[in-house]
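Trainee:
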Amino acid sequence: MFTIIFGILVSILAVLAVSLLSLRNWLRSCKRKLKGSFDGTVNIGIFHPYCNAGGGGERVLWCAVRALQAKYDNIKIVIYTGDIDSSPNSILEKVQGTFNINVDKQNTSFVYLKRRMLVEAKLYPYFTLLGQSLGSIILGLEALCRFPPDIYIDTTGYAFTLPLFRYIGDCKVGCYVHYPTISIDMLRRVQQREYCHNNQTYVVRNPFVTWMKVVYYRIFAKIYSWVGQCSDTIMVNSTWTENHIRDLWGVPFKTHRVYPPCEVKHLKELKRNENSDKIIILSIGQFRPEKDHPLQLQALYELRTLLSRKEELWDKVQLVIVGSCRNDSDYERLKNMQDLSKHLSLENSVEFKVNVHFQELLQLYQKSSIGIHTMWNEHFGIGIVECMAAGMIMIAHRSGGPLLDIIETSEGSQNGYLATSALEYANCILSIIYNSKELNDTIRNAARSSVERFSEEEFEVNFLRAVTPLFNET
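Using full-length UniProt numbering, read the sequence shown as starting at 1 and increasing by one per residue.
(1) Let me know the secondary structure DSSP gives E269 once reduced to three states.
(2) Provide the residue(s) that pair with E351 in DSSP beta bridges, ordered along the chain.
(3) Per DSSP, I153 is paired with what?
(4) Considering I279, what are the terminal residues of the beta strand (DSSP E) in which it resides?
(5) Can you name, in chain order, every residue of its own chain whose Cβ lies under 7 Å from the Cβ of R116, other than the five neighbours on each side?
(6) State whether the stretch 338 to 352 contacts the stretch 225 to 242, with contact taken as three or more CB pairs (one from each stretch) at a distance under 8 Å.
(7) Between the stretch 424 to 433 and the stretch 407 to 415, do at least 3 Cβ pairs fall closer than 8 Å?
(8) Report the rounded CA-to-CA distance for Y152 versus G55, giving the unit in angstroms.
(9) Can you find at least 3 beta carbon pairs, one from the stretch 80 to 95 and one from the stretch 170 to 187, that sit closer than 8 Å?
(10) Could you check where the beta strand (DSSP E) with F99 kicks off and where it finishes?
(11) Specify the secondary structure class of G371 as computed by DSSP and reduced to three states.
(12) Check the DSSP bridge columns for F256 and list the partner residues they point to.
(13) What does the alpha-carbon distance come out to for the pair V385 and F208?
(14) If you reduce the DSSP assignment to three classes, tell me which class Y80 lands in.
(15) Can you tell me the Cα-Cα spacing of M337 and H293, whole angstroms?
(16) Once you ignore the five residues that flank V78 on each side, which residues in its own chain have a CB closer than 6 Å to its CB?
(17) Please list the terminal residues of the continuous alpha helix (DSSP H) segment that includes Y331.
(18) Quick one: what's got a C-beta closer than 7 Å to L118's C-beta in the same chain, skipping five residues either side?
(19) Where does V111 sit, in a helix, a strand or coil, going by DSSP?
(20) Less than 8 Å between the C-beta atoms of G57 and H357, yes or no?
(21) Report yes if the C-beta distance between Y259 and R453 is below 8 Å; otherwise report no.
(22) In whole angstroms, what separates the C-alpha of E269 from that of A390?
(23) For a test of the three-state rule: what should DSSP assign to Q69, helix, strand or coil?
(24) Using three-state DSSP, classify Y179 as helix, strand or coil.
(25) Counting C-beta neighbours from all protein chains within 10 Å, is the total for D472 16 or more, i.e. buried, or is it exposed?
(26) Helix or strand or just coil, what does DSSP make of H379?
(27) Just to confirm my understanding: we take K291, look at its own chain, exclude 5 residues before and 5 after, and list those with CB closer than 6 Å. What are they?
(28) Please state the DSSP three-state secondary structure of Y217.
(29) Rank C63, N462, T41 and I280 by C-alpha distance to the C-alpha of S368 and give the top, closest one.
(30) Run through the DSSP bridge pairs and tell me what C262 is partnered with.
(31) Would you mind sorting S450 into buried or exposed? The rule is 16 or more other CB atoms within 10 Å of its CB.
(32) Using DSSP with H/G/I as helix, E/B as strand and the rest coil, what is L307?
(33) Based on Cα-Cα distance, which residue from L113, H379 and V173 lies nearest to N243?
(34) Which first and last residues belong to the alpha helix (DSSP H) in which L138 is found?
(35) If we count the other Cβ atoms within 10 Å of its Cβ and call it buried at 16 or more, is K222 buried or exposed?
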């Protein structure tokens, strides 16, 4: 029996090996034909299945495309996207309208992927990390077969596609990591049986299930480490992400910190247009579970309690939550938050805005006096930087990028506030409301001065420096 099983396994592995070698040879043939059709052209494939989402990750993508187009004449850029209902023109028009970024249409094209659902979390209620990672391999294989590039860059964090393009596609490979798929912090939360959006109640309450999940995370981290090492150049968006990627992937000599591009130049020039009759608190971020928007509503609830004896002041407070939705799950989360605001009797003090145009966002920047961001271990925080550049006083979570890279709270150099709990957020808002105008202006000016290092120009310089090895001998 053992001999039969062993023989079957060997046969399967042999067939798989032959299939992969045949696929690699076929892809090489396709690449030679592409070279012949576009003599001297370097084909760049950028993997971004949600390129039309309108979030911070998409700003990274389109600034990267613009930077490559400005430096290299002999390139063809192909975006691998799953936005099959959006035409190239509509995508690029949204890029212009949302980010104020102009992309050259002549050498930018799209490969529309039909299997994007394989990387959506809702498909994997259990073993989500593994399911999405395996799904990304299938999606990556579809991308590779549709257009085999010379250079492959992943800008969304699907690290499991890296060995596919390197060893099967014979490509130079790079990646921009917004946050690690798994981290030491995630493992710690599971070990300590803390409840969070990716560690549900039934896991927290059961010691055996917790132990199983810890083993699963450790095995996954080992595999994640190997696939990450396949990249020829690695870009990370913050000190927090850099620390984790260096620990997990162990290739510091290939790892470059490239802060994401933020619209700071134009925002720093915006004139404040605050209404003395309103205290507008602005939140910016995609409606994803890790952004923890419910904490913002809880903070507002605590603020109302703190202002219980000053109803006239509470009536001035308005929380405006601006975000983009990628799919049905995001819209469902938005509906749940609208219901929560009603449950907390905050519906008259909270306004939700979805997929707003750039010009409307600028007006909100001018009108708002306070910015709020509640994600735990936010990898960076583009929205935080842009609020600071626009002159808002920012309150962010005391962790991740905001803590290590963006916000300084020490006396004499304070440029914002950090908080953890709903009550702490409420107290920070209260402090800003009661601060003298001179103190708030000092904090605002310090914030605006500190964000220049996160400009689009700085990103493009550092991005091009990091990807230079990919163009050597291509």
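Backbone N, C-alpha and C fix where the C-beta goes; we use that ideal spot for every residue, glycine too.
Mentor: To lay it out plainly:
(1) In the sequence shown, counting from the first residue as 1, residue 269 sits at position 269. Coil.
(2) What you label residue 351 is simply residue 351 of the sequence shown in a count that begins at 1. Answer by DSSP bridge pairing, in chain order: V320.
(3) As a working mapping, residue 153 is identified with position 153 in the sequence shown. Answer is I46 and G174.
(4) On the sequence shown, position 279 is the one that residue 279 refers to. I279 to I284 is the span of the beta strand (DSSP E), which, as asked, contains I279.
(5) Taking the first residue of the sequence shown as 1, we reach residue 116 at position 116. Excluding sequence neighbours, R116 sits near P49, G82 and L139.
(6) no
(7) no
(8) Within the sequence shown, numbered from 1, the residue matching residue 152 stands at position 152. Within the sequence shown, numbered from 1, the residue matching residue 55 stands at position 55. Roughly 22 Å separates the two Cα atoms.
(9) no
(10) Walking along the sequence shown from the start, residue 99 turns up at place 99. No beta strand (DSSP E) contains F99, which is instead part of the alpha helix (DSSP H) from P88 to F99.
(11) Here residue 371 refers to the residue found at position 371 of the sequence shown. It is a strand residue.
(12) Sequence index remark: in the sequence shown, residue 256 carries index 256 (1-based). The identity of residue 256 in the sequence shown is His, whereas the question assumes Phe. M235.
(13) By 1-based counting over the sequence shown, the position of residue 385 is 385. By 1-based counting over the sequence shown, the position of residue 208 is 208. One C-alpha to the other measures close to 42 Å.
(14) The sequence position of residue 80 within the sequence shown is 80, counting from 1. If DSSP states are grouped into helix, strand and coil, Y80 belongs with the strands.
(15) Translated into positions along the sequence shown, residue 337 becomes position 337. Translated into positions along the sequence shown, residue 293 becomes position 293. If you take the alpha carbons of M337 and H293, they lie about 8 Å apart.
(16) Numbered from its first residue, the sequence shown carries residue 78 at position 78. If we look at V78 and ignore the five residues flanking it on each side, its Cβ neighbours are G45, S109, V111 and F147.
(17) Counting from one through the sequence shown, the residue named residue 331 turns up at place 331. Where Y331 is concerned, the enclosing alpha helix (DSSP H) stretches over D328 to H343.
(18) Sequence index remark: in the sequence shown, residue 118 carries index 118 (1-based). G135, I138 and L139.
(19) Working through the sequence shown from its first residue, we reach residue 111 at position 111. DSSP places V111 in strand when its eight states are reduced to three.
(20) Within the sequence shown, residue 57 is the residue found at index 57, counting from 1. Within the sequence shown, residue 357 is the residue found at index 357, counting from 1. No, the Cβ-Cβ distance between G57 and H357 is not below 8 Å.
(21) In the sequence shown, residue 259 corresponds to position 259, counting from 1. In the sequence shown, residue 453 corresponds to position 453, counting from 1. Taking 8 Å as the Cβ cut-off, Y259 and R453 qualify as a contacting pair.
(22) Taking the sequence shown and counting its residues from 1, one reaches residue 269 at position 269. Taking the sequence shown and counting its residues from 1, one reaches residue 390 at position 390. E269 and A390: Cα-Cα distance of roughly 8 Å.
(23) Sequence index remark: in the sequence shown, residue 69 carries index 69 (1-based). Three-state result, Q69: helix.
(24) Counted from its first residue, the sequence shown places residue 179 at position 179. Here Y179 sits in coil by DSSP.
(25) Translated into the one-based positions of the sequence shown, residue 472 becomes position 472. One detail in the question is off: residue 472 reads as Asn in this sequence, not Asp. The residue is exposed, with fewer than 16 neighbouring Cβ atoms inside 10 Å.
(26) Looking up residue 379 in the sequence shown gives position 379. Three-state DSSP puts H379 in coil, outside helix and strand.
(27) Counting from one through the sequence shown, the residue named residue 291 turns up at place 291. Only G285 and M375 meet the Cβ criterion.
(28) Position 217 of the sequence shown holds residue 217. It is helical.
(29) For the purposes of this step, residue 368 is identified with residue 368 of the sequence shown, where counting begins at 1. Per the Cα distances, I280.
(30) Within the sequence shown, the letter at position 262 stands for residue 262. Beta-bridge pairing links C262 to S455.
(31) Within the sequence shown, residue 450 is the residue found at index 450, counting from 1. Counting Cβ neighbours within 10 Å, S450 comes out buried, since at least 16 surround it.
(32) As a first step, residue 307 must be located in the sequence shown, where it is residue number 307. Coil, per DSSP.
(33) The residue labelled residue 243 in the question sits at position 243 within the sequence shown. Out of L113, H379 and V173, H379 has the C-alpha closest to the C-alpha of N243.
(34) If you number the sequence shown from 1, residue 138 lands on position 138. Reading off the sequence shown, one finds Ile at residue 138, where the question assumed Leu. Looking at the DSSP string, the run of the alpha helix (DSSP H) that includes I138 is T128 to R146.
(35) Indexing the sequence shown from 1 puts residue 222 at position 222. Exposed.
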